[in-house]
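K.L.:
The following block contains the structure, expressed as C-alpha coordinates.
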Amino acid sequence: MTSRVPSRPRRDGEVPAPVVVTVLRERLYGTLSCLSTLLVLLGHGGEGSSAGSAIVDVVVAAGALWAASLLSDVVAHLTVHGHGPRGHELVAALRSSGQILQASAAPVVLLVAAAVGLLELTTALELATGVTVLVLALFAVLAARRTPLSWWRRVLLVVALVGLGALVIVVKLLAHG
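Under this note's numbering, the first residue of the sequence shown is numbered 2, with each subsequent residue one higher.
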(Lines of atoms letter the chains of each structure in order from A and count residues from 1; the text may use other names and numbers.)
(Lines give C-alpha, C1' and ligand atoms only; values in the text may rest on other atoms or scores of the structure.)
Protein backbone atom coordinates (compact mmCIF):
# COMPACT_ATOMS: atom_id res chain seq x y z
CA MET A 1 0.00 0.00 0.00
CA THR A 2 1.42 3.34 -1.02
CA SER A 3 0.56 6.61 0.62
CA ARG A 4 -0.08 9.51 -1.70
CA VAL A 5 -0.06 13.16 -0.90
CA PRO A 6 -2.99 14.58 -2.85
CA SER A 7 -1.87 17.30 -5.22
CA ARG A 8 -5.27 18.69 -6.08
CA PRO A 9 -7.87 20.46 -3.97
CA ARG A 10 -10.59 18.28 -2.53
CA ARG A 11 -14.06 18.60 -3.97
CA ASP A 12 -15.03 21.01 -1.22
CA GLY A 13 -12.31 23.36 -2.55
CA GLU A 14 -10.01 23.09 0.46
CA VAL A 15 -6.39 22.30 -0.30
CA PRO A 16 -5.22 19.30 1.74
CA ALA A 17 -2.92 20.15 4.65
CA PRO A 18 0.08 18.11 3.38
CA VAL A 19 0.00 20.10 0.12
CA VAL A 20 -0.13 23.41 2.00
CA VAL A 21 2.79 22.29 4.18
CA THR A 22 5.06 21.41 1.25
CA VAL A 23 4.16 24.48 -0.80
CA LEU A 24 4.61 26.85 2.15
CA ARG A 25 7.88 25.19 3.20
CA GLU A 26 9.36 25.51 -0.29
CA ARG A 27 8.16 29.12 -0.63
CA LEU A 28 9.82 30.02 2.65
CA TYR A 29 13.05 28.25 1.67
CA GLY A 30 13.02 30.06 -1.65
CA THR A 31 12.25 33.42 -0.08
CA LEU A 32 14.98 33.10 2.55
CA SER A 33 17.50 31.89 -0.03
CA CYS A 34 16.66 34.78 -2.35
CA LEU A 35 16.84 37.22 0.56
CA SER A 36 20.27 35.87 1.53
CA THR A 37 21.55 36.30 -2.01
CA LEU A 38 20.16 39.83 -2.25
CA LEU A 39 21.69 40.78 1.08
CA VAL A 40 25.12 39.55 0.02
CA LEU A 41 24.83 41.57 -3.19
CA LEU A 42 23.54 44.61 -1.32
CA GLY A 43 26.27 44.23 1.32
CA HIS A 44 28.82 44.79 -1.38
CA GLY A 45 26.87 47.83 -2.57
CA GLY A 46 26.99 46.65 -6.13
CA GLU A 47 30.76 47.21 -6.10
CA GLY A 48 32.28 45.60 -9.16
CA SER A 49 28.93 44.08 -10.01
CA SER A 50 26.59 44.62 -12.85
CA ALA A 51 22.87 44.07 -12.89
CA GLY A 52 23.50 41.15 -15.24
CA SER A 53 25.80 39.42 -12.76
CA ALA A 54 23.31 40.08 -9.95
CA ILE A 55 20.57 38.44 -12.04
CA VAL A 56 22.83 35.44 -12.62
CA ASP A 57 23.57 35.22 -8.87
CA VAL A 58 19.88 35.23 -7.94
CA VAL A 59 18.88 32.82 -10.72
CA VAL A 60 21.72 30.39 -9.92
CA ALA A 61 20.93 30.44 -6.18
CA ALA A 62 17.22 29.83 -6.82
CA GLY A 63 17.90 27.25 -9.52
CA ALA A 64 20.34 25.31 -7.33
CA LEU A 65 17.90 25.22 -4.41
CA TRP A 66 15.07 24.23 -6.77
CA ALA A 67 17.14 21.38 -8.25
CA ALA A 68 18.16 20.20 -4.77
CA SER A 69 14.53 20.25 -3.62
CA LEU A 70 13.31 18.33 -6.65
CA LEU A 71 16.16 15.83 -6.45
CA SER A 72 15.55 15.19 -2.76
CA ASP A 73 11.85 14.65 -3.48
CA VAL A 74 12.68 12.15 -6.25
CA VAL A 75 15.20 10.30 -4.07
CA ALA A 76 12.81 10.16 -1.11
CA HIS A 77 9.98 8.95 -3.35
CA LEU A 78 12.27 6.36 -4.93
CA THR A 79 13.36 5.12 -1.51
CA VAL A 80 9.83 4.80 -0.17
CA HIS A 81 7.95 3.62 -3.29
CA GLY A 82 10.63 2.01 -5.42
CA HIS A 83 10.10 4.47 -8.28
CA GLY A 84 10.23 8.20 -8.88
CA PRO A 85 7.14 10.36 -8.64
CA ARG A 86 4.66 9.91 -11.47
CA GLY A 87 1.46 11.59 -12.56
CA HIS A 88 -0.10 13.64 -9.75
CA GLU A 89 2.87 12.96 -7.49
CA LEU A 90 5.24 14.47 -10.05
CA VAL A 91 2.93 17.45 -10.52
CA ALA A 92 2.84 17.93 -6.74
CA ALA A 93 6.65 17.78 -6.55
CA LEU A 94 7.00 20.31 -9.36
CA ARG A 95 4.33 22.57 -7.84
CA SER A 96 5.97 22.63 -4.42
CA SER A 97 9.55 22.99 -5.66
CA GLY A 98 8.40 25.61 -8.16
CA GLN A 99 7.64 27.88 -5.21
CA ILE A 100 11.40 28.33 -4.85
CA LEU A 101 11.62 29.77 -8.36
CA GLN A 102 8.52 31.91 -7.85
CA ALA A 103 10.10 33.45 -4.75
CA SER A 104 12.84 34.97 -6.91
CA ALA A 105 10.58 36.23 -9.71
CA ALA A 106 9.93 39.78 -8.43
CA PRO A 107 13.58 40.38 -7.46
CA VAL A 108 14.71 39.19 -10.90
CA VAL A 109 12.23 41.56 -12.59
CA LEU A 110 13.63 44.47 -10.54
CA LEU A 111 17.19 43.47 -11.44
CA VAL A 112 16.21 43.26 -15.12
CA ALA A 113 14.88 46.82 -14.76
CA ALA A 114 18.35 47.80 -13.53
CA ALA A 115 19.98 45.89 -16.39
CA VAL A 116 18.01 47.89 -18.98
CA GLY A 117 18.73 51.19 -17.23
CA LEU A 118 15.39 51.87 -15.57
CA LEU A 119 16.88 51.66 -12.06
CA GLU A 120 20.28 51.96 -10.45
CA LEU A 121 21.60 48.57 -9.32
CA THR A 122 21.66 49.54 -5.64
CA THR A 123 18.07 50.82 -5.87
CA ALA A 124 16.95 47.60 -7.56
CA LEU A 125 18.69 45.52 -4.88
CA GLU A 126 17.09 47.59 -2.10
CA LEU A 127 13.64 47.32 -3.69
CA ALA A 128 14.11 43.58 -4.29
CA THR A 129 15.14 43.10 -0.66
CA GLY A 130 12.10 45.07 0.52
CA VAL A 131 9.74 43.08 -1.71
CA THR A 132 11.25 39.83 -0.47
CA VAL A 133 10.83 40.86 3.17
CA LEU A 134 7.20 41.85 2.45
CA VAL A 135 6.60 38.46 0.83
CA LEU A 136 8.07 36.77 3.88
CA ALA A 137 5.68 38.79 6.08
CA LEU A 138 2.76 37.94 3.80
CA PHE A 139 3.46 34.23 4.05
CA ALA A 140 3.77 34.56 7.83
CA VAL A 141 0.29 36.11 7.87
CA LEU A 142 -1.08 33.38 5.60
CA ALA A 143 0.49 30.69 7.79
CA ALA A 144 -0.95 32.23 10.96
CA ARG A 145 -4.38 32.59 9.37
CA ARG A 146 -4.73 28.82 9.04
CA THR A 147 -4.02 28.20 12.71
CA PRO A 148 -6.75 27.74 15.32
CA LEU A 149 -5.10 30.35 17.55
CA SER A 150 -6.86 33.42 18.88
CA TRP A 151 -6.27 36.64 16.96
CA TRP A 152 -3.69 38.01 19.40
CA ARG A 153 -1.71 34.74 19.33
CA ARG A 154 -1.77 34.90 15.54
CA VAL A 155 -0.34 38.40 15.72
CA LEU A 156 2.39 37.14 18.06
CA LEU A 157 3.12 34.29 15.64
CA VAL A 158 3.45 36.69 12.70
CA VAL A 159 5.69 39.01 14.74
CA ALA A 160 7.84 36.02 15.76
CA LEU A 161 8.12 34.75 12.18
CA VAL A 162 8.94 38.21 10.80
CA GLY A 163 11.37 38.67 13.70
CA LEU A 164 13.13 35.45 12.71
CA GLY A 165 13.32 36.74 9.17
CA ALA A 166 14.80 40.00 10.47
CA LEU A 167 17.31 38.00 12.49
CA VAL A 168 18.38 36.19 9.31
CA ILE A 169 18.89 39.60 7.68
CA VAL A 170 20.96 40.92 10.59
CA VAL A 171 23.11 37.79 10.78
CA LYS A 172 23.68 37.83 7.02
CA LEU A 173 24.61 41.54 7.07
CA LEU A 174 27.00 41.01 9.96
CA ALA A 175 28.60 38.00 8.30
CA HIS A 176 29.14 39.82 5.01
CA GLY A 177 29.44 43.39 6.30
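Virtual Cβ for every residue (Gly too), placed ideally from N, Cα, C.
For the ligand ZN, I want to know if Ala145 counts as a neighbour, meaning its beta carbon is within less than 7 Å of at least one of the ligand's heavy atoms.
P.N.:
Among the components modelled here there is no ligand, and therefore nothing to report on the ligand ZN.
K.L.:
Using only CA atoms, which one of Gly85, Leu33, Gly64 and Ser51 lies nearest to Ala141?
P.N.:
Answer by Cα proximity: Leu33.
K.L.:
Decide yes or no for the touch test of the segment 58–78 against the segment 107–119: beta carbon pairs closer than 8 Å, at least 3 of them.
P.N.:
When Cβ pairs closer than 8 Å are counted between the two stretches, the segment 58–78 is seen to touch the segment 107–119, the count reaching three or more.
K.L.:
If you follow the alpha helix (DSSP H) that Pro19 is part of, which residue opens it and which one closes it?
P.N.:
Going by DSSP, Pro19 is part of the alpha helix (DSSP H) stretching over Ala18 to Gly44.
K.L.:
Pull up the distance between the alpha-carbon of Arg87 and that of Ala114, whole angstroms please.
P.N.:
Straight-line measurement puts the Cα of Ala114 at about 38 Å from the Cα of Arg87.
K.L.:
Cutting at 6 Å between CB atoms, please list the residues of its own chain near Val163, excluding the five before and the five after it.
P.N.:
Ala138 and Ala141
K.L.:
Buried or exposed for Leu143, going by 16 or more other Cβ atoms inside 10 Å?
P.N.:
exposed
K.L.:
Within 8 Å, do at least three Cβ pairs link the segment 128–135 to the segment 151–159?
P.N.:
no
K.L.:
Determine whether the beta carbon atoms of Leu29 and Trp67 lie at a separation below 8 Å.
P.N.:
no
K.L.:
From Val24 to Ala161, what does the alpha carbon distance come to, in whole angstroms?
P.N.:
Straight-line Cα distance between these residues: approximately 21 Å.
K.L.:
What does the Cβ neighbour count give for Glu27, buried or exposed, with the cut at 16 atoms within 10 Å?
P.N.:
By the C-beta density criterion, Glu27 is buried, having at least 16 other C-beta atoms within 10 angstroms.
K.L.:
Along the alpha helix (DSSP H) that carries Val57, what are the first and last residues, could you check?
P.N.:
Ala52 to His82
K.L.:
Here's the rule I'm using: 16 or more other beta-carbon atoms within 10 Å means buried, otherwise exposed. How should Leu175 be labelled?
P.N.:
exposed
K.L.:
Check this for me: beta carbons of Ser105 and Ala167, under 8 Å apart or not?
P.N.:
no
K.L.:
Helix, strand or coil for Glu127? Go by DSSP, reduced to three states.
P.N.:
helix
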